[in-house]
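Position 199, counted from 1, in the sequence shown is what full-length UniProt numbering calls 199; the numbers after and before it change by one each time, with no gaps.
Note that the Cβ used here is the ideal one computed from N, Cα and C, for glycine as well.
Below is one structure; the comments refer to it alone.
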Amino acid sequence: MLMTNFLKKRKSVREFKNKKINPDILDEIKLYLDSLEKEDGTKAIRFKLYEYGEKLYKELRGIGGYSGVMIESPHYIGLELVDDKDRNVIYGSYYMEKLITKLNNMGLDTCWVSIGNVDDGIKKEIFGDMMGRIDYILALGYGKPKNPFVNETFSERIGVEEMVFVDKIGNAPSTDDLENRGLSDLFYYIRFAPSALNKQPWRFLLEKDKVTLLIKHDEGEKPNLIDAGIIMYYFESLGQSIGLNNKWELIEGIEQENNNYKYIAEFKL
Ligand SMILES: Cc1cc2nc3c(=O)[nH]c(=O)nc-3n(C[C@H](O)[C@H](O)[C@H](O)COP(=O)(O)O)c2cc1C
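As structure tokens, then:
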């Protein structure tokens, strides 16, 4: 499916049928998880498939997910990071989103589930010995059919003019700025990416020959690097469809800050 259609149609699924995924398909998923770890190549990012979702759901009910609203699904995939280095958090979510795209294309539904607030002792009981931490898991299965008489919920998105700055933080782009560079579709569709609490903290600073990804955050709040990796994945994939074949380069040390915008990475145009 074209990435633009995919992005517009994709959404988190929070209600799953009580139907397990066929073992052959689970094997295919396992192979894909291995291939993602290899592609990353650092051994700092691992994906673990939990085939028997009931147990995991029972242990996380009331404590996993937003405000303890745990999502029940027949299977889960854990994103394990060896440490919380910026690079690993960013590329952990980059590969998780690549995985989600693959799973959706296989006809499966998913939802990210945050478990960062779950006590480490409880996590150890659930996940066993780990080389690092699991703060996010993916609920995975077949979504329940939609009720055609009920309006579907839709998570609002910010406008392109709020998300993109030209030359300077705060400068909104004109339609021409984006059209002339062939970037208006890319920025239109990329907004459909998922983000934690739907905060959509991604901002793009567009200059003559590059785009810089910034993550907006409140005073005293840590920038959400998980959301950064997700948007980097979609930017590269959409970019490829319009002939932008570069990859993001993380900004050295990722220390630059400017009024609650953290500089994350640069993409040469
Ligand atoms: C890192 C991350 C963590 C998330 N955690 C949860 C969660 O714990 N519970 C939940 O219901 N949705 C969770 N979501 C889903 C987002 O709320 C959802 O992507 C966003 O509201 C946009 O909606 P959409 O995915 O349907 O477009 C998470 C998404 C991301 C990217």
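Exercise for the section: Name the residue from Tyr189, Lys48, Leu79 whose alpha carbon lies nearest to the alpha carbon of Lys9. Expected result: Here residue 9 refers to the residue found at position 9 when the sequence shown is read from its first residue. Comparing Cα positions, the closest option is Tyr189.
Practice task
Identify the continuous alpha helix (DSSP H) that holds Ile100 and give its terminal residues.
Solution key: Taking the sequence shown and counting its residues from 1, one reaches residue 100 at position 100. First-last of the alpha helix (DSSP H) with Ile100: 86 to 105.
Practice task
Go through the stretch 26 to 85 residue by residue and report every complete run of the alpha helix (DSSP H) that reaches 4 residues or more, in order.
Solution key: Taking only runs of at least 4 residues, the alpha helix (DSSP H) segments lying wholly in the stretch 26 to 85 are 53 to 60.
Problem - Residue ranges of each beta strand (DSSP E) within the stretch 165 to 220, 3 or longer - result: Listed in chain order, the complete beta strand (DSSP E) runs (minimum 3 residues) inside the stretch 165 to 220 are 202 to 206, 210 to 216.
Handout entry: Range of the contiguous alpha helix (DSSP H) that encloses Asp227
Key = Locating residue 227 in the sequence shown gives position 227, counting from the first residue. Bounds of the alpha helix (DSSP H) holding Asp227 are 225 to 241.
Problem - Spatial distance of Ile166 from Lys11 (CA atoms) - result: Taking the sequence shown and counting its residues from 1, the one referred to as residue 166 is at position 166. Taking the sequence shown and counting its residues from 1, the one referred to as residue 11 is at position 11. Going by the sequence as given, residue 166 is Val instead of Ile. Cα-Cα distance, rounded: 29 Å.
Handout entry: Local Cβ density within 10 Å of Asp120, reported as buried at 16 or more and exposed below that
Key = Your numbering for residue 120 matches position 120 in the sequence shown. Its Cβ having fewer than 16 others within 10 Å, Asp120 is exposed.
Problem - Check whether Glu51 and His75 have beta carbons under 8 Å apart - result: Locating residue 51 in the sequence shown gives position 51, where the first residue counts as 1. Locating residue 75 in the sequence shown gives position 75, where the first residue counts as 1. Cβ distance < 8 Å, so Glu51 and His75 count as in contact.
Exercise for the section: Quick one: measure Cβ to Cβ for Leu81 and Ala44, integer angstroms, because I've assumed they're closer than 8 Å. Expected result: Start at 1 with the first residue of the sequence shown, and residue 81 comes out as number 81. Start at 1 with the first residue of the sequence shown, and residue 44 comes out as number 44. The C-beta separation of Leu81 from Ala44 comes to about 7 Å, placing the pair in contact by the 8 Å criterion.
Problem - Whole-angstrom C-beta distance between Ser114 and Ala193, which should lie under 8 Å - result: Mapped onto the sequence shown, residue 193 falls at position 193. Mapped onto the sequence shown, residue 114 falls at position 114. Contact doesn't hold; Cβ gap of about 16 Å is too wide.
Problem - Through-space distance from Tyr95 to Arg46, alpha-carbon basis - result: The residue you call residue 46 lines up with position 46 of the sequence shown. The residue you call residue 95 lines up with position 95 of the sequence shown. Their backbone Cα atoms lie some 10 Å apart in a straight line.
Handout entry: As assigned by DSSP and simplified to three states, the class of Ile137
Key = On the sequence shown, residue 137 is found 137 positions in, with the first residue counted as 1. Strand at Ile137.
Exercise for the section: Please list, in chain order, all residues of the same chain as Ser237 whose beta carbon is under 6 Å from its beta carbon, the five residues on each side excluded. Expected result: Walking along the sequence shown from the start, residue 237 turns up at place 237. Taken in chain order, the residues that qualify are Met3.
Exercise for the section: If I'm right that Val89 touches Leu225 with Cβ under 8 Å, what's the distance once you round it to whole angstroms? Expected result: As a working mapping, residue 89 is identified with position 89 in the sequence shown. As a working mapping, residue 225 is identified with position 225 in the sequence shown. About 4 Å; that satisfies the 8 Å criterion.
Exercise for the section: Have a look at Lys30 and Ala228 and give me their C-alpha separation to the nearest angstrom. Expected result: Residue mapping note: residue 30 aligns to position 30 of the sequence shown, counting from 1. Residue mapping note: residue 228 aligns to position 228 of the sequence shown, counting from 1. Inter-residue distance for Lys30 and Ala228 is about 25 Å (C-alpha atoms, whole angstroms).
Handout entry: C-alpha gap between Met131 and Asn180, whole angstroms
Key = As a working note, residue 131 is residue 131 in the sequence shown. As a working note, residue 180 is residue 180 in the sequence shown. Answer to the nearest angstrom: the Cα atoms are 48 Å apart.
Exercise for the section: Name the residue from Leu99, Pro173, Met232, Tyr234 whose alpha carbon lies nearest to the alpha carbon of Glu207. Expected result: As a working mapping, residue 207 is identified with position 207 in the sequence shown. Distance check between Glu207 and each of Leu99, Pro173, Met232, Tyr234 places Pro173 closest, using alpha-carbon atoms only.
Practice task
Verify whether the separation of the beta carbon atoms of Tyr233 and Leu7 is less than 8 Å.
Solution key: Numbered from its first residue, the sequence shown carries residue 233 at position 233. Numbered from its first residue, the sequence shown carries residue 7 at position 7. No, the pair does not count as a contact, with Cβ atoms beyond the cut-off.
Handout entry: Those residues which DSSP pairs with Asp109 across a bridge
Key = Here residue 109 corresponds to residue number 109 of the sequence shown, with the count starting at 1. In DSSP, Asp109 forms a bridge with Gly141.
Practice task
Look at the Cβ atom of Tyr261, then the Cβ atom of Ile251, and state whether they are nearer than 8 Å.
Solution key: Residue mapping note: residue 261 aligns to position 261 of the sequence shown, counting from 1. Residue mapping note: residue 251 aligns to position 251 of the sequence shown, counting from 1. The beta carbons of Tyr261 and Ile251 sit no closer together than 8 Å.
Handout entry: Leu269 (DSSP reduced to helix, strand or coil)
Key = On the sequence shown, position 269 is the one that residue 269 refers to. Coil.
Exercise for the section: With DSSP as the reference, label Ile158 as helix, strand or coil. Expected result: Reading the sequence shown from its first residue, position 158 is the one you call residue 158. If DSSP states are grouped into helix, strand and coil, Ile158 belongs with coil.
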